[in-house]
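Below: the structure, in structure tokens.
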Amino acid sequence: MATPAPRPRIRLDKKEAKKGDLVEVKALVAHIMESGQRKDKDGNVIPRKIINKFTCEVNGKLVFAADLEPAVSANPYMQFKFRADESGKVVLTWTDDDGSKIVGEDTITVS
């Protein structure tokens with residue numbers, strides 16, 4: 001049985017915003033972020049497993065993206081702002097080395 005993907009914690013500082021407002025996003029996801037440089041107790045290299053890409057889309061439009069590297073700590077925390085242009089879904093996606101994705105979403109209402 002596959003382990004369920006962790007559920008990210010997402011917080012928008014404004015669930016309701018005026019058009020043009022800056023909205024701050026804070027997001028935390030549980031992930032080991034293994035760099036591939038450590039060894040286990042038997043001396044074998046622990047394979048690399050990191051989130052290498054993070055995106056935020058509002059109604060399918062990219063508003064923020066970041067490429068992550070092995071130096072990022074476990075359980076990466078992201079904080080950024082975007083300009084509110086329209087109401088809809090705010091979708092955050094973390095993509096792992098193996099192509100698997102962790103997706104979280106919230107909604108925003110823009111007037």
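The opening residue of the sequence shown carries number 1 in the UniProt record's numbering; numbering runs sequentially from there. Every residue gets a Cβ at the ideal spot worked out from N, C-alpha and C, and that includes glycine.
Take the alpha-carbon of threonine 93 and the one of isoleucine 50: they are about 14 Å apart.
Put simply, of Arg9, Lys15, Met33, Asp13 the residue whose alpha carbon is nearest the alpha carbon of threonine 95 is Met33. One thing to note: phenylalanine 82 has its Cβ no nearer than 8 Å to the Cβ of valine 29.
Nearest Cα to serine 111 within the set Ile46, Arg7, Asp85: Asp85. The beta-carbon separation of proline 76 and glycine 36, rounded to 16 Å, does not stay under the 8 Å limit for a contact.
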